[in-house]
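As structure tokens, the structure follows; a few thoughts come after it.
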Amino acid sequence: MVRVNTSFVRAQYQIDEETDGSVWLTHPHPVLADSFASVESSQRVVKGSLEVSMRPFGNYRFRVFARNDFGDGAPTNVKGECKTPARVPDKNPEGVSATGSRPENLIVFWKPMPREDWNGRDFHYVIRYRPSGSNGEWKEEKVDDPYSDRHTIELSAEDPFRSYEVQVQAVNEEGQSNVAPQSVEGHTGEGDPNYTPTGFKLVSSDSSSATFVWDPIDRQQITTWAEDDESEGEESSSVRSKRSPMVSS
1 MVRVNTSFVR AQYQIDEETD GSVWLTHPHP VLADSFASVE SSQRVVKGSL
51 EVSMRPFGNY RFRVFARNDF GDGAPTNVKG ECKTPARVPD KNPEGVSATG
101 SRPENLIVFW KPMPREDWNG RDFHYVIRYR PSGSNGEWKE EKVDDPYSDR
151 HTIELSAEDP FRSYEVQVQA VNEEGQSNVA PQSVEGHTGE GDPNYTPTGF
201 KLVSSDSSSA TFVWDPIDRQ QITTWAEDDE SEGEESSSVR SKRSPMVSS
């Protein structure tokens with residue numbers, strides 16, 4: 001029972017005092033008084049109830065406060081705590097992407113999962129990656145910090161603009177999430193050209209111009225793009241259409 005001088009109260013709760021600190025979540029619906037039992041010191045004592053959907057691995061604390069047209073009263077802490085059992089995570093991080101800053105690395109980004117989605121102790125992330133289209137075995141790296149939003153994968157050798165398939169999965173003491181992580185595609189950093197065009201020769205020339213031709217570059221050898229191409233809004237891709245022989249004057 002809560003002593004109030006209005007017909008309803010509001011409730012707030014914390015999932016975990018250690019991680020929530022001074023942050024309290026407010027229940028969306030006010031609690032109406034079912035009846036009043038007595039009047040004490042110009043205040044009536046009323047009863048109310050509410051239901052809160054709880055998440056696994058919670059250490060819930062509650063408090064209530066009265067509200068009327070003039071504002072809110074001071075909150076009253078509810079005695080005791082409510083602990084819920086742990087279980088495996090039921091979701092994975094959102095906003096996963098990957099890009100490289102150098103030919104030998106791949107930086108993976110994601111949105112950190114909030115405390116209410118950890119579902120258990122030792123919450124962390126597992127990063128999986130493999131070359132795109134290989135259908136080979138996944139390599140894994142663990143990220144222990146649950147608040148982390150990125151991780152850099154250092155590859156064993158330079159592999160400019162190589163496409164990789166990447167996943168980020170949530171894991172806790174109970175096991176891996178019960179939802180399969182989605183795969184995204186990212187590329188290692190771009191590198192210097194490592195291929196020299198062949199068949200370069202002069203076709204014709206006059207007093208003011210010269211025409212040269214060369215063999216097309218193997219599209220698989222492309223490891224970077226010119227800055228002027230990027231400024232024109234062209235998408236970075238490992239597949240590029242063949243250009244016509246250039247005329248130099």
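Residue numbers (full-length UniProt numbering): 1 to 249. We treat Cβ as the ideally placed atom computed from N, Cα and C, and that holds for glycine. Everything numeric in this text was worked out from a predicted model, so none of it was measured.
- The C-alpha of residue 131 is placed about 34 Å away from the C-alpha of residue 200.
- Excluding the 5 residues flanking it on each side, residue 138 has same chain C-beta neighbours closer than 6 Å at 128 and 130, in chain order.
- Distance from the CA atom of residue 69 to the CA atom of residue 43, rounded to whole angstroms, is 16 Å.
- Rounded to whole angstroms, the gap between the alpha carbons of residue 24 and residue 155 is 43 Å.
- The alpha-carbon of residue 157 is positioned some 20 Å away from that of residue 142.
- With a contact defined as Cβ atoms closer than 8 Å, residue 160 and residue 123 miss out at about 35 Å.
- A distance below 6 Å between beta-carbons, with the five flanking residues on each side excluded, links residue 173 to the following residues of its chain, in chain order: 120, 121 and 122.
- In the three-state reduction of the DSSP assignment, residue 17 falls in the helix class.
- By the neighbour-count definition (other C-beta atoms within 10 Å, threshold 16), residue 179 is an exposed residue.
- Scanning its chain for C-beta atoms nearer than 6 Å, with the 5 sequence neighbours on each side dropped, one finds around residue 214 the residues 197, 199 and 200, in chain order.
- Secondary structure at residue 185: strand, using DSSP grouped into helix, strand and coil.
- The criterion of a C-beta distance shorter than 9 Å is not satisfied by residue 62 and residue 74.
- In this chain, the beta strand (DSSP E) harbouring residue 201 covers 201-205.
- Unbroken beta strand (DSSP E) runs of no fewer than 3 residues, entirely contained in the UniProt domain "Fibronectin type-III" (89-191), are found at 97-99, 105-109, 124-131, 139-143, 150-154, 163-172 and 184-187, following chain order.
- According to DSSP, residue pairing for residue 195 in a beta bridge does not occur.
- When C-alpha distances from residue 56 are compared across 91, 164 and 97, the shortest belongs to 91.
- A direct Cα-to-Cα measurement between residue 30 and residue 108 gives close to 43 Å.
- Residue state for residue 10 is assigned as strand, using DSSP reduced to three classes.
- Going by C-alpha positions, residue 189 is about 20 Å away from residue 149.
- In this structure residue 166 is in contact with residue 96, their Cβ atoms being roughly 7 Å apart against a cut-off of 8 Å.
- For residue 66, the uninterrupted beta strand (DSSP E) segment begins and ends at 59-68.
- Ranking 175, 163 and 12 by CA distance to the CA of residue 60 puts 12 first.
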